[in-house]
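Novice: Here it is, the structure in full.
2 protein chains.
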Amino acid sequence: MRNNATLKKISDHLNVSISTVSRALKDHPDVSPDTKKRVKELAMLMDYEPNAFAVNLRKKHSNVFAIIVPEISNFFYHSFVQAVEEDARRIGYSVMILQSMNDPEVEEQNLRLCRHNHVAGIFVAITNKTTDLTPFKKLEAIDIPLVFFDKVPTDDTFNKVSIADYESGWMAAEHLLTATAKHVLLVMGNNKLSITRRREEGFTDYYHKHQCKKKLAVVYADHIEEARQAVLDYFAANKNTPTAIFSMSDEIMCGVLKAIHTLKLQIPKDIQLLTISNGFLPTLFTPDISFVKTSGYDLGKLSFVRMQEIMGGKKFVRENFLTSSYYPGGSM
Amino acid sequence: MRNNATLKKISDHLNVSISTVSRALKDHPDVSPDTKKRVKELAMLMDYEPNAFAVNLRKKHSNVFAIIVPEISNFFYHSFVQAVEEDARRIGYSVMILQSMNDPEVEEQNLRLCRHNHVAGIFVAITNKTTDLTPFKKLEAIDIPLVFFDKVPTDDTFNKVSIADYESGWMAAEHLLTATAKHVLLVMGNNKLSITRRREEGFTDYYHKHQCKKKLAVVYADHIEEARQAVLDYFAANKNTPTAIFSMSDEIMCGVLKAIHTLKLQIPKDIQLLTISNGFLPTLFTPDISFVKTSGYDLGKLSFVRMQEIMGGKKFVRENFLTSSYYPGGSM
DNA sequence: AACATTGCCACAAACGTTTGCAGTCATCGC
DNA sequence: GCGATGACTGCAAACGTTTGTGGCAATGTT
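Taken in order, these protein sequences are the chains called A and B. Going by this note's numbering, the first residue of the first sequence is number 15, and it counts up by one from there. Going by this note's numbering, the first residue of the second sequence is number 15, and it counts up by one from there.
Okay, here's the thing in structure tokens:
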């Protein structure tokens, strides 16, 4: 450890006090222009960087945000992170990414880590299985601002930013049901999550409102493999197989595609497909999968705004929504 | 900020000194079993957690590792991170993920952040465009251990852990050239990177050693879109179009698939395809893409071992390699 | 009985920074 | 000439932890 230029060393060289150096470096009006200049020059020369530990110890919180997601290998979360990183960088903060591996226990460990490191704020998309919210309450008790995004709990006492899920479900129904689909299978995620319930509600509300005579069925799955199996099971159990599938997310779509692959069905001839997606994965397939777009990037921007509001003292709790739009592909 | 149980508060309640509390909590032999018990009980009751800032300030380094990758939305890096996280957790460390966005400037900012936070160690996969290695040298000068993985610089003075790239290129050639391919197009990444050069070398060495009479061509691309365009350009420029494509990575494969899609070619009838991959993406397509598997997870494990060696004082510089194997799909 | 050993504990310095307060000049108004 | 103002600077405490050193009994050794 050589490169340890400290305030003290600078002050020794210049025969001034530590406090003067400290103030000079942050342009405090109390110190003369001349000393400021000398201090800054030497600091530059010595490659001085304030010791983050000491600063944080003093200020009692660090300048890094944490983002906790079930799995980062996900284009939606990826673009979310990107948006937050951009904004954080702009105000001199940085971002640390934590994965819960979809395991509430790991999630809690990560929260401990955040508490332990007194992060400036936390963005979190909860696990499918998260039920105990006390670790989150604990965070608020020690004044660490918290913004839930995408996968948010149903609890009303938290700040949340989410996709306009109802609307995107409605939009999906609108496009899929006006196509020739006779028998539609909805493949949804964990039905305890509000994201799932809202998207399904949006879809089925459209369905009922327009008094569709088509057959509608719903299955639920927590991850790729379950989604694949659920589709295969449904096809095995129903003589009259579906003519279209609605998938509520990228992850579900991967499972659905695997099932379609296994069943050797052709898209869109044998089966039509519509998903809700961030937009990257659907373009990798042939034909392109049609999707209702939900932008992780925009959600990140929105979340950051909310975070700053909270940090600025606006403590009132609310939930924000982000709108979505339809991108036709070749799968319908 | 309420939950601030400190050593001092505990010591006050128990009428012992701060140092005794500190030692009691870490089972120092100097303190009596009885006091230990009392201290630990009260600490538990007060929900005491050591203040990380103070600990780090004292110890001069934190217990978090940093992983810097061009883009985290990548299954290879994702499984790498997973492996490192597992091992780090085991020794009480945590991991922070940083993205360079494939931009050397952001990469350097991230390195600054690491230096600034005195991370325990850094795992880094460099940018395609990284040429200036001085920021990395600077890191070693202040004793922050550094392990390059996957995308490593050519410089010989660093610790590196990488895929046995030559071997995987060789293996790919072995399988692709014994298939009926008459005219093979190699789509490679940035050819300044050793990963690219080695994979290509492995492939072409096999080709020459076996005196294949087939036509061989190589194009380079830095990202998905460039890969797509490179393939389209090659097809446009060559009357005799390739019968097979070798892609050196998941990312390149995505571009290649888009091009194949644009050209409306059938796999494997019109064009055969073999890629090097972590194994997730190839299974999402129909037919499955054949691939030579490189495990990000295993690479993570290996890198962590190397990191621990360095931290343990074994300073000698070396490069480790990880072997790969072939997974047949339906694309050949 | 004198001395060394051991078990337990407290004191205090250090890590590097920030910041309220007080001190030292010189200048200015009267 | 005297108090007041203002510009600049230094002192010292605080943030919470770790750890070397030394003290003080009680026990063991000769």
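For every residue, glycine included, the Cβ atom is placed at its ideal position computed from N, Cα and C.
Output the boundary residues of the beta strand (DSSP E) element that contains A/V233.
Specialist: 229 to 234
Novice: Note down, in chain order, each residue of its chain lying with its Cβ closer than 8 angstroms to the Cβ of B/W184, except the 5 sequence neighbours on either side.
Specialist: G216, F217, D219, Y220
Novice: With distances taken Cα to Cα, identify the nearest neighbour of A/G203 among A/D48, A/H92, A/E265.
Specialist: A/E265
Novice: Classify B/A187 as buried or exposed, calling it buried when 16 or more other Cβ atoms lie within 10 Å of its own Cβ.
Specialist: buried
Novice: Kindly indicate if chain B contains any beta-carbon less than 8 angstroms away from that of A/A231.
Specialist: no
Novice: Helix, strand or coil, according to DSSP, for A/H197 in the structure here?
Specialist: strand
Novice: Can you tell me the Cβ-Cβ gap for A/A244 and A/V175, rounded? I've got them flagged as a contact below 8 angstroms.
Specialist: Incorrect: roughly 29 angstroms between the Cβ atoms, too far for contact.
Novice: Per DSSP, what kind of secondary structure is A/A139 in: helix, strand or coil?
Specialist: coil
Novice: So A/E63 contacts chain B; which residues on that side make the cut at Cβ distance below 9 angstroms?
Specialist: R126, R129, H130
Novice: Among B/K278, B/L316, B/D302, B/M321, which has the Cα closest to the Cα of B/T337?
Specialist: Of all alpha-carbon atoms in B/K278, B/L316, B/D302, B/M321, the one lying nearest the alpha-carbon of B/T337 is that of B/L316.
Novice: Could you give the distance in angstroms between the alpha-carbon of B/N65 and the alpha-carbon of A/A97?
Specialist: 30 angstroms
Novice: Using 8 angstroms as the threshold, is the C-beta distance between A/A80 and A/M115 below it?
Specialist: no
Novice: Buried or exposed: which applies to B/I105, given that a residue is buried once 16 or more other Cβ atoms fall within 10 Å of its Cβ?
Specialist: B/I105 is exposed by the Cβ-count criterion.
Novice: The stretch 296 to 315 of chain A: which residues have C-beta closer than 9 angstroms to a C-beta of chain B, in chain order?
Specialist: Result list: T297, L298, F299, T300, P301, D302.
Novice: If you draw a straight line from the C-alpha of B/Y340 to the C-alpha of B/D169, how long is it?
Specialist: 30 angstroms
Novice: Assuming A/Y234 contacts A/N205 (C-beta within less than 8 angstroms), just tell me the rounded distance between them.
Specialist: 5 angstroms
Novice: Within 10 angstroms of its Cβ, does B/E214 collect 16 or more other Cβ (buried), or is it exposed?
Specialist: buried
Novice: Which class does A/S7 belong to by DSSP, given the choice of helix, strand or coil?
Specialist: Residue numbering for chain A in the displayed model covers 15 to 346; residue 7 of chain A lies beyond these limits and cannot be assessed.
Novice: If you draw a straight line from the alpha carbon of A/K50 to that of A/K329, how long is it in whole angstroms?
Specialist: 39 angstroms
Novice: List in chain order: all unbroken beta strand (DSSP E) runs of 3+ residues lying wholly within the stretch 147 to 178 of chain A.
Specialist: 160 to 163, 174 to 177
Novice: Taking Cβ-Cβ distances shorter than 9 angstroms, what residues in chain A pair up with B/N70?
Specialist: A66, F67, N70, L71
Novice: Tell me whether A/I290 sits in a helix, a strand or coil according to DSSP, three-state version.
Specialist: Strand, per DSSP.
Novice: In this structure, how does DSSP classify A/L279 when only helix, strand and coil are distinguished?
Specialist: It is coil, neither helix nor strand.
Novice: Answer yes or no: does any C-beta atom of chain A fall closer than 8 angstroms to that of B/H189?
Specialist: no
Novice: Apart from the five residues on each side of it in sequence, which residues of its chain come closer than 7 angstroms, Cβ to Cβ, to A/K22?
Specialist: I32
Novice: Output the distance between the C-alpha atoms of B/F150 and A/E154, rounded to the nearest integer angstrom.
Specialist: 38 angstroms
Novice: Can you grab the Cα-Cα spacing for the pair A/Q280 / B/P159, in whole Å?
Specialist: 52 angstroms
Novice: On the premise that A/D236 lies in contact with A/N124, defined as a C-beta separation below 8 angstroms, what is that separation, rounded to the nearest angstrom?
Specialist: Not a contact, Cβ separation roughly 20 angstroms.
Novice: What's the gap between the Cα of B/M262 and the Cα of A/G269?
Specialist: 26 angstroms
Novice: Just to confirm, is the Cβ distance from B/H75 to B/H132 under 8 angstroms?
Specialist: Yes, the pair counts as a contact, with Cβ atoms nearer than the cut-off.
Novice: Please name the residue in B/T308, B/I238, B/K283 whose C-alpha comes closest to that of A/L298.
Specialist: B/I238
Novice: Taking C-beta to C-beta, are A/S182 and A/V35 nearer than 8 angstroms?
Specialist: It is not a contact, given that the beta carbons lie outside the stated cut-off.
Novice: Counting only the same chain and skipping the five closest in sequence on each side, list residues whose C-beta sits under 6 angstroms from that of B/F172.
Specialist: F162
Novice: Strictly under 8 angstroms for the Cβ-Cβ distance: is A/L21 near chain B by that measure?
Specialist: no
Novice: Can you tell me whether DSSP reads B/N70 as helix, strand or coil?
Specialist: Assignment of B/N70 by DSSP, reduced to helix, strand and coil, places it in the helix class.
Novice: Got a sec, what are the start and stop residues for the alpha helix (DSSP H) A/L39 sits in?
Specialist: Per DSSP, A/L39 belongs to the alpha helix (DSSP H) from 32 to 39.
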